[in-house]
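In our numbering, the protein residues as written are 2 to 160. Here's the structure we're looking at; comments come further down.
Written out as structure tokens, the structure reads:
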């Protein structure tokens, strides 16, 4: 099965089912006679910009946010980061030379990858450590951390 057909099937399965884990997705693909590996599934999830969202019952499942399959492919990593922060950002706290960004469960890793990608163009970010719903963003000093804080604050919802 080629990559395009596999990814098209993944988009269909994610749209039609509440898939909680990569293992569940792998099992559904097997039922469709698509045989692949966990590593390939992981790459496909990243390439398709699939994210986990809360189903309201404390369980996270894969979803295509904002119909990302229909988005133009020319979006930069920074544009993708802004979109996902707007959709999933919860809070941001500066602590000395770090910032602690809290997001909806299941989105931390994807946001961490995008932050690592944009740090090439943002000298205020040294790197980050991402969990399920929390990202620790590291800067060289307090001033750089404040710049990072100001950057992300503009995209967080403030009632």
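Virtual Cβ for every residue (Gly too), placed ideally from N, Cα, C.
First and last residue of the uninterrupted beta strand (DSSP E) at residue i
i          : result
residue 64 : 61 to 65
residue 55 : 51 to 55
Contact set for residue i: own chain, Cβ-Cβ below 6 Å, skip 5 residues either direction
i           : result
residue 128 : 139
residue 94  : 101
residue 14  : 29
residue 19  : 62
residue 164 : Since the first residue shown for the chain is 2 and the last is 160, residue 164 is missing from the structure and cannot be characterised.
residue 11  : 45
residue 56  : 62
Residue(s) in a DSSP beta bridge with residue i
i          : result
residue 90 : 104
residue 99 : 96, 139
Where the alpha helix (DSSP H) containing residue i begins and where it ends
i          : result
residue 26 : 23 to 32
residue 5  : 4 to 17
residue 35 : Run containing residue 35: none; DSSP gives neither H nor E here.
Own chain, CB closer than 7 Å to residue i, minus 5 neighbours either side, in chain order
i           : result
residue 7   : 35, 37, 45
residue 142 : 98
residue 149 : 100, 125, 126, 138, 140
residue 1   : Absent from the model: residue 1. The displayed extent of the chain is 2 to 160, so no value can be given.
residue 91  : 103, 104, 105
8 Å Cβ shell around residue i - same chain, five flanking residues per side excluded
i           : result
residue 112 : 82, 85, 86, 89, 102, 104, 131, 136
residue 147 : 95
residue 33  : 10, 14
Closer than 8 Å to chain C by CB, residue i
i           : result
residue 126 : No chain C appears in the structure shown, which is made up of a single protein chain.
Assess, as a yes-or-no matter, whether the region 103 to 121 is touched by the region 80 to 91 under the definition of 3 or more beta carbon pairs within less than 8 Å.
yes
Unbroken stretches of the alpha helix (DSSP H), 4 residues or longer, contained in the region 116 to 141:
none
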